[in-house]
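Undergrad: Just so we're aligned, residue 53 is where the first sequence starts under the working numbering, counting upward by one. Structure in structure tokens, see below.
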Amino acid sequence: MNLKYDKFSKSSILGFAKKLEGKSLEEVCDKEVLVHNYAGKGNFGQVLEKFYFLYEPNSDAKADFEEAGLELKSSPLKRLKNNHYRAKERLVLNIINYEEVVHQTFETSALWKKNAHLLLVFYLHEKEKNILEYRIKFVDEWSFPALDLEIIKQDWQTIQNKILQGKAHELSEGDTFYLGAVTKGSKGGNPRRQPYAKELAKQRAYSLKQGYVNHIIASISNEPSLYGKLIPRLEHEQKLSIEAVVLSKFSYFYEKSIEEILESFSLQMNQKSKNFYANLTKAILGIALNKEIEEFEKANIVVKTVRLKANNLPKEDISFPVFSYEAIVDENWEDSQIKETIEQKFFFVFFQFEGQQLILKKVKFWNMPYLDIQEVQKVWKQTQSLVKNGNIVKLIKKDRQGKERRYTNFPSKKFNHVAHIRPHARNAKDTFPLPVQDKVTQAKEYTKHCFWLNNSYVRESIYEEKSV
DNA sequence: GCATGATCATGC
DNA sequence: GCATGATCATGC
């Protein structure tokens, strides 16, 4: 077949690819061929390879354009209300071969061999359209900047280490910063052998985290940078990790009160303001208050501030976004909202009350261990079952003012030591519809609830737990 | 003093 | 108006 590009030439391939910008697949592919060969099957990437670049989709270890050293990746965008584009999801790369990765170095790894240079095609995903109609927005090549590559190497080694330790089945996306190990295959199926343990492990692929893909998009679409860098440049031969840099900046202020920290920056901030702790974190890290912390955004790190009482118990439990009753009954655990949420990497900032003052005690990068994730699964499962059966309300009591209080069957702190379900709403009338009417109250809607991390769990498993 | 239900406050 | 982080209130 005659190709319209020179497969030995990077610039020729890129030039041909650039013609996609502003177009949809049905506009750029040969209509006759599409009509006869495209049966509505295959995803965007497969159609792009087959009907535009005219080669058969493969799962080779080699890059798609082997001779030019380019790997083609397409990925969906979503449009925000302010018309900016963001990644709709993470960018999935090749499958992790547990048996082989333990014999590789980063430089000889299957990941690096295939994905060192990417040819990226970003298209706007719109619900009502099919894949032939999606509008292609950005096309460009991508090579990893040296600073990012350093973090990605460390991530790759983190993943390899876990497999070397016989813990492939305990891999989680929260283990790493930019390069994740995402489950691949429906319902986390297709379990695979690992070399150093008998437990089967879910099939996983390397992926670039959604935040990292956002950074790529901002970079190739020439958006003004919203980011401030934590690690501005590589220091000679020093291999700096995000963790080490952040810990060194914070530890300088350990045992200092919030007032003392603010004084040292000559900063006046409203402590009641919603973003006070976010701003304090930026100040300590040396990031301008109007910028986002680049490394945190790229790694999808969630910052949580916790205030401890004298006995180290957090004053409050930690909440997550509310869930929809209608959505949770249809979820599989593997693609549930709460699993996605708790598998992220967190950055905890711990303060402790000393009288009226809050003292900075320590900070910690953390992601939930495998066994605890399984505990959250129990809470999720119980919740799903209660909603499915219309079994939410246990009883209704009147308090001294004669006001009704409803007690639910939702999993409480006693049910599970990791997480529980509690209301999270404007007030009791702030509700979501129920897929099944409640048996006791006949209600068709119920106060919004969410998952909470037990404060006792935060004390024992995050604050007091020694870092490994 | 804790567990659980309920609500507030801020920022977009 | 809503999402999110934070906090209050009641009863045991």
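Backbone N, C-alpha and C define an ideal beta-carbon position, used for all residues, glycine too.
Return the residue from the list 218, 112 and 206 that minimises the CA-CA distance to residue 167.
TA: Comparing Cα positions, the closest option is 112.
Undergrad: Buried or exposed: where does residue 371 fall if 16 or more other Cβ atoms within 10 Å of its Cβ makes it buried?
TA: Classification of residue 371: exposed, given that the 10 Å Cβ count is below 16.
Undergrad: Taking the DSSP output, what are the residues bridged to residue 474?
TA: Paired residue(s): 502.
Undergrad: Assign residue 445 to buried or exposed, taking buried as 16 or more other Cβ atoms, counted over all protein chains shown, within 10 Å of its Cβ.
TA: Result: buried.
Undergrad: What is the DSSP secondary structure of residue 215, reduced to helix, strand or coil?
TA: Here residue 215 sits in helix by DSSP.
Undergrad: Please classify residue 347 as buried or exposed, where buried requires at least 16 neighbouring CB atoms within 10 angstroms.
TA: By the 10 Å Cβ count, residue 347 comes out buried.
Undergrad: Looking at the unbroken alpha helix (DSSP H) that takes in residue 296, where does it start and where does it end?
TA: Taken as a continuous stretch (DSSP letters only), the alpha helix (DSSP H) holding residue 296 covers 294 to 303.
Undergrad: Evaluate the contact criterion for the region 497 to 506 versus the region 477 to 487: three or more CB pairs, one atom per stretch, below 8 Å.
TA: Judged by Cβ distances under 8 Å, the region 497 to 506 makes contact with the region 477 to 487, as three or more pairs qualify.
Undergrad: Count the other C-beta atoms from every protein chain shown that fall within 10 angstroms of the C-beta of residue 506, then say buried if there are 16 or more, exposed otherwise.
TA: It is buried - the Cβ of residue 506 has at least 16 other Cβ atoms within 10 Å.
Undergrad: Beta strand (DSSP E) containing residue 592: first to last residue?
TA: For the chain, the structure presents residues 53 to 520; residue 592 sits outside this window and is missing.
Undergrad: Whole-angstrom Cβ separation of residue 115 and residue 123, contact assumed at under 8 Å?
TA: That belief holds up - the Cβ atoms of residue 115 and residue 123 are roughly 4 Å apart, short of 8 Å.
Undergrad: Measure from the alpha carbon of residue 339 to the alpha carbon of each residue in 283, 353 and 376, then state which is nearest.
TA: Comparing Cα positions, the closest option is 283.
Undergrad: Could you tell me which of 324, 205, 509 and 473 sits nearest to residue 438, measuring between CA atoms?
TA: Looking at the Cα atoms, 473 is the closest of the given residues.
Undergrad: Is residue 80 helix, strand or coil when you go by DSSP?
TA: Residue 80: helix per DSSP, three-state reduction.
Undergrad: Can you check whether the CB of residue 211 is closer than 8 Å to the CB of residue 148?
TA: Going by C-beta atoms, residue 148 is nearer than 8 Å to residue 211.
Undergrad: Among 463, 447 and 368, whose alpha-carbon lies nearest the alpha-carbon of residue 456?
TA: Residue 456 has its Cα closest to that of 447, out of 463, 447 and 368.
Undergrad: Please classify residue 391 as buried or exposed, where buried requires at least 16 neighbouring CB atoms within 10 angstroms.
TA: Counting Cβ neighbours within 10 Å, residue 391 comes out buried, since at least 16 surround it.
Undergrad: Excluding sequence positions up to five away, which residues of its chain have a Cβ less than 6 Å from the Cβ of residue 471?
TA: Excluding positions up to five away in sequence, the list reads 428, 431, 503 and 505.
Undergrad: Over what stretch of residues does the beta strand (DSSP E) that includes residue 169 continue unbroken?
TA: From DSSP, the beta strand (DSSP E) with residue 169 extends over 169 to 176.
Undergrad: Closest to residue 420 by C-alpha separation, out of 517, 360 and 335, would be which residue?
TA: Of the listed residues, the one whose Cα sits closest to residue 420 is 517.
Undergrad: Determine whether the beta carbon atoms of residue 99 and residue 66 lie at a separation below 8 Å.
TA: No, the pair does not count as a contact, with Cβ atoms beyond the cut-off.
Undergrad: In terms of DSSP beta bridges, what is residue 192 paired with?
TA: Answer is 172, bridged to residue 192.
Undergrad: In chain order, what residues of the same chain lie with their CB nearer than 6 Å to the CB of residue 424, ignoring the 5 residues before and after it?
TA: Counting only Cβ-Cβ distances below 6 Å, and skipping sequence neighbours, we find 470.
Undergrad: Quick one: grab the DSSP three-state call for residue 507.
TA: Looking at residue 507 - three-state DSSP - the assignment turns out to be helix.
Undergrad: In terms of residue numbering, what span does the alpha helix (DSSP H) encompassing residue 124 cover?
TA: No alpha helix (DSSP H) holds residue 124; the beta strand (DSSP E) holding it covers 123 to 131.
Undergrad: Output yes or no for whether 8 Å exceeds the beta carbon distance between residue 400 and residue 415.
TA: Cβ atoms of residue 400 and residue 415: closer than 8 Å.
Undergrad: How about residue 330 and residue 317: are their beta carbons less than 8 Å apart?
TA: Going by C-beta atoms, residue 330 is not nearer than 8 Å to residue 317.
Undergrad: Which parts of the region 442 to 468 are runs of the beta strand (DSSP E), unbroken and 3 residues or longer, counting only runs that do not cross its ends?
TA: Runs of the beta strand (DSSP E) inside the region 442 to 468: 445 to 450 and 456 to 460.
Undergrad: Please report the Cβ distance between residue 417 and residue 295, rounded to the nearest whole angstrom; I am assuming they are in contact, meaning their Cβ atoms lie under 8 Å.
TA: With 8 Å as the limit, residue 417 and residue 295 qualify as a contact, their Cβ atoms being about 5 Å apart.
Undergrad: In the DSSP assignment, find the alpha helix (DSSP H) that holds residue 15 and state where it starts and stops.
TA: Within the shown structure, residues of the chain are numbered from 53 to 520, placing residue 15 beyond reach of any answer.
Undergrad: For residue 326, count neighbouring C-beta atoms within 10 Å of its own C-beta (all shown protein chains included) and say buried if the count is 16 or more, exposed if not.
TA: Per the 10 Å Cβ criterion, exposed.
Undergrad: Could you name the residues of the same chain whose beta carbon sits closer than 7 Å to that of residue 44, not counting the 5 residues immediately before and after it, in chain order?
TA: As shown, the chain starts at 53 and ends at 520. That puts residue 44 outside it, with no answer to give.
Undergrad: Less than 8 Å between the C-beta atoms of residue 128 and residue 175, yes or no?
TA: Closer than 8 Å, so yes.
Undergrad: Hey, how far is the Cα of residue 62 from the Cα of residue 224?
TA: Roughly 35 Å separates the two Cα atoms.
Undergrad: Can you check whether the CB of residue 207 is closer than 8 Å to the CB of residue 228?
TA: Against a cut-off of 8 Å, the Cβ pair of residue 207 and residue 228 comes out as a contact.
Undergrad: Starting from residue 435, follow the alpha helix (DSSP H) in both directions and report where the run begins and ends.
TA: That run of the alpha helix (DSSP H) goes 422 to 440.
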